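Protein chains: 2
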Amino acid sequence: MLTERQLLILQVIIDDFIESAHPVGSRAIAKKEVIPYSAATIRNEMADLEDMGFLEKTHSSSGRIPSEKGYRYYVDHLISPSILQKEGNVIKHMIQDGFFEFEQIVQMSAEVLSELTNYTSIILGPEIFETKLKQIQIIPLSANTAVAILVTNTGHVEHRSFSIPEEINSSDLEKMVNILNDQLHGVPILQLAEKFNAEIDAMMQKYVSDLDKSYQHLKGAFLQDHPVKLYIGGKSNMLMQPEFNDVNKIRAFYTMIENEEEIVNLLKQSNDGIKVSIGRENDVDAIKDLSLITAAYHLGEGQMGTIALLGPTRMEYRKVISLLSILSHEMTDVLYMRYKDEN
Amino acid sequence: MLTERQLLILQVIIDDFIESAHPVGSRAIAKKEVIPYSAATIRNEMADLEDMGFLEKTHSSSGRIPSEKGYRYYVDHLISPSILQKEGNVIKHMIQDGFFEFEQIVQMSAEVLSELTNYTSIILGPEIFETKLKQIQIIPLSANTAVAILVTNTGHVEHRSFSIPEEINSSDLEKMVNILNDQLHGVPILQLAEKFNAEIDAMMQKYVSDLDKSYQHLKGAFLQDHPVKLYIGGKSNMLMQPEFNDVNKIRAFYTMIENEEEIVNLLKQSNDGIKVSIGRENDVDAIKDLSLITAAYHLGEGQMGTIALLGPTRMEYRKVISLLSILSHEMTDVLYMRYKDEN
DNA sequence: TGTTAGCACTCATTCCTTTCGAGTGCTAAT
DNA sequence: ATTAGCACTCGAAAGGAATGAGTGCTAACA
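Written out as structure tokens, the structure is:
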């Protein structure tokens, strides 16, 4: 339904606006090398594109800016993945050089990503729910406190301090740890509560006598919320974007970005592949004039987490999509290589 | 050298400005109940206070604002600690209710502090250098990766993944862990490197054969940098302060606050008690128009960490100083109660 | 019939001027 | 020593005028 010429003009306008952040006028377009038409012709086409909803004016005699529909069309039809040799190498080296824990990689990725793009990067995960318990340790600290340490097959370590009653003797504690290790090895974190209620509660009664209170404490330590880890990089990059030249916008952005819960919800809904949400396409009102690009990374079948970039709707979609694609594949690879022989 | 009346006027002006953020004029002062003088008299006194450097004008016919010297005098001589029954209780409950790990307490404290004050709170620590190793675990994850877990006497858990060569056999690994536990129990984290070089290297040679590579890996895992933990709460509170109505100031602030290294240096220099740095009194240029109040908290003799509040020079010094005092004492207490029977 | 030149018109932005009012400093009176 | 009074200063807000980038439309052209 769009002519070749309209496609070309739309693309050039959006490319120009993404770079300059200024409304694009007909004369500027006509001057481009790829455009063999006069400003007047461009004006006519622009008027048509506006009628069709791909462009907007900021006021009656201004140049045009892309509408959300325009960006959507641009993302869906007008961009081909860009080749990012240099950036790709940066990411690969970061992930493959040295031996970093996965959480370190995630954190570094968030930083690199925001540096390469000048937008705000958000990385969610790794989702511990999919991972399985590997080993449990309980280490007494003092007469009435101890720390429980859980290690998962992905090398993730969680610990919880808990208080132990004075009366308990150390052999009882040891027996409990043994039972836990026997029973919980290989159990997905998500199913811990279930497993406790179905089997372990009863077992504990059978093998270990008179430890009601300390067992409750221990169980409590295991079933506490497992917080979702959230890494955000380049928050202040947004301040450099010309659309954030207004104190109120900045306030709104920072109020949003520091609300972890909201961010987690925002990212969690993303499924496979790369998803682009432009402006009001986002459910969350606070980012209704920003765009969010998300990509999932995996370990085997189960989804592990989400990588995202948040920027103005005037975003370098081409570059961002390519970068996220590279990074999510690298992260999936490194996870696979590292934990393929898990048990 | 200041008359009683000048003291009174200075105090009223600063109090007023702290509340309103607007330059204070003579008429407004004269209207206050505690002031039995006319505006003209106040004007004369204000001129004198300005000559002495306690007050400033923003322009030739504006009201007065406090100078840094004025704030300094105010902090040193004009404020008595305020009674914060309600806020004090909030803090006490937070710290004493439930059983939280110390790091959780620190994080919660940062949040509560920024909520109670509407400034930005920064908490440094707990300094792990002062703490001692309690136990070491090494847990194999796959054929060639393992995770080393260090637990300190304060319940702090650190973990590092490292790769192990395929050739190693598990009994060798076990021997190594035993040696490490024997040798390192009770050793301050700070002295780990020393201890390794002085004794453990040699021991390993004696007891365990042919494990050069994996031992190097393991040692590397132990001697990696122990990052200083930094908790910052209420970054966006600053945006609500009227002095941050300018995009450039916001940029400068966020650029500074997200530079962890600089922040750590800023706080580390603080010694005992509560220290107030007003505006240019701060060494760091980036906060030359902010004030920083720091308080140390302790475990026994050794300093553990620092609590700080960062706000505009027009800060509620009275309240902030009282809050920091309460919180640092509570944190010191809880540390003492919890780890007094360490070994 | 598609393209382009030309021109009147629109509107944000910038700069200047005016007005307003809060506040000062100084002088003279109490 | 204190205060009333008054001229003066200066920032902030409000109102024009000038500028210029950009449009829509019409009429001419290939």
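Protein sequences appear in the order of chains S and C.
Here the working numbering is used: the first residue of the first sequence is 1, the next is one more, and so on.
Here the working numbering is used: the first residue of the second sequence is 344, the next is one more, and so on.
Glycine included, every Cβ here is placed at the ideal spot set by N, Cα and C.
These numbers were taken from a predicted model, which means no experiment stands behind them.
Check, Outcome
"Shortest alpha-carbon distance to ILE232(S) belongs to which of SER121(S), LEU324(S), PRO81(S)?", "SER121(S)"
"Count Cβ pairs between the region 67-86 of chain S and the region 6-24 of chain S that sit closer than 8 Å; are there 3 or more?", "yes"
"Strictly below 8 Å CB to CB, what residues from chain S border LYS578(C)?", "TYR254, GLU258"
"How many Å lie between THR384(C) and HIS420(C) at the Cα?", "23 Å"
"When you compare the region 475-484 of chain C with the region 515-528 of chain C, are there three or more beta-carbon pairs, one atom per stretch, that lie closer than 8 Å?", "yes"
"Evaluate the contact criterion for the region 441-450 of chain C versus the region 581-591 of chain C: three or more CB pairs, one atom per stretch, below 8 Å.", "no"
"Considering only the alpha carbon of each residue, which of ILE522(C), ILE466(C), ASN461(C) lies closest to MET451(C)?", "ILE466(C)"
"Sort ARG348(C), VAL500(C), VAL490(C), ILE600(C) by Cα distance to LYS562(C) and report the nearest one.", "VAL490(C)"
"Which ranges would you report for the alpha helix (DSSP H) in the region 357-412 of chain C if only whole runs of at least 4 residues count?", "369-374, 382-394"
"Tell me which residues of the region 479-492 of chain C have at least one Cβ-Cβ distance to chain S shorter than 8 Å, keeping chain order.", "GLN480, ILE482, LEU484, SER485, ALA486, THR488, VAL490, ILE492"
"For LEU484(C) and LEU653(C), what's the separation of their Cα atoms in angstroms?", "44 Å"
"Which residue's Cα is closest to the Cα of ILE83(S): SER328(S), VAL320(S), MET331(S), ASP333(S)?", "VAL320(S)"
"Quick one, which residues of the region 499-525 of chain C are near chain S if we go by CB-CB under 8 Å, in chain order?", "VAL500, HIS502, ARG503, SER504, PHE505, SER506"
"Give me the chain S residues within the contact set of LYS477(C), using Cβ-Cβ distance strictly less than 8 Å, ordered along the chain.", "ILE139, LEU141"
"For LYS86(S), which residues in the same chain have their Cβ closer than 7 Å to its Cβ, ignoring the five residues on either side in sequence?", "none"
"Under a Cβ-count criterion, where at least 16 other Cβ atoms within 10 Å of its own Cβ denotes burial, should LEU327(S) be classed as buried or exposed?", "buried"
"Using the beta-carbon of each residue, which ones in chain S are nearer than 9 Å to ILE448(C)?", "What ILE448(C) touches in chain S: nothing, since even the nearest Cβ is about 11 Å away."
"Could you give the residue range of the beta strand (DSSP E) that holds PHE322(C)?", "The question about residue 322(C) has no answer here: the residues shown for chain C are numbered 344 through 686."
"Cα separation between ASN282(S) and LEU516(C)?", "52 Å"
"Alpha carbon to alpha carbon, how far is ALA47(S) from SER60(S)? Give it in angstroms, no decimals.", "12 Å"
"Rank TYR660(C), ALA364(C), GLY577(C) by C-alpha distance to the C-alpha of PRO424(C) and give the top, closest one.", "TYR660(C)"
"Suppose only complete runs of 3+ residues qualify. What are the beta strand (DSSP E) ranges in the region 511-595 of chain C, listed by chain order?", "573-576"
"Does the CB of VAL264(S) have a neighbour CB from chain C at under 9 Å?", "no"
"Would you kindly work out how many angstroms separate the C-alpha atoms of PRO66(S) and HIS329(S), rounded to a whole number?", "31 Å"
"For THR474(C), does the count of other Cβ atoms within 10 angstroms reach 16, so buried, or fall short, so exposed?", "buried"
"Determine the chain S residues that contact ARG386(C) at a beta-carbon separation under 9 Å, and present them in chain order.", "Neighbours of ARG386(C) on chain S: none; closest Cβ ~35 Å, over 9 Å."
"Using only the alpha-carbon positions, how far apart do VAL455(C) and MET437(C) sit?", "9 Å"
"Applying a beta-carbon distance threshold of less than 8 Å, which residues of chain S neighbour ARG348(C)?", "None at all; the shortest Cβ gap to chain S is about 40 Å."
"For ASN496(C), which residues in chain S fall below 7 Å Cβ to Cβ?", "LEU141"
"According to DSSP, GLY648(C) sits in a beta bridge with which residue or residues?", "TYR640(C)"
"Since I believe LYS229(S) is in contact with GLY300(S) (beta carbons under 8 Å), could you give me their beta-carbon distance rounded to a whole number of angstroms?", "That pair is no contact at about 20 Å."
"Please go through the same chain and pick out, in chain order, the residues whose beta-carbon is closer than 6 Å to the beta-carbon of THR332(S), but skip the five residues on each side of it.", "TYR297, HIS298"
"Go ahead and label GLU166(S) buried or exposed: buried means 16 or more other beta carbons lie within 10 angstroms of its beta carbon, across all protein chains shown.", "exposed"
"Can you pull the chain C neighbours of ILE250(S), defined as C-beta to C-beta under 8 Å?", "LEU582, VAL590, ILE593"
"Kindly indicate the opening and closing residues of the alpha helix (DSSP H) around VAL627(C).", "No alpha helix (DSSP H) holds VAL627(C); DSSP gives it neither H nor E."
"Where does THR154(S) sit, in a helix, a strand or coil, going by DSSP?", "coil"
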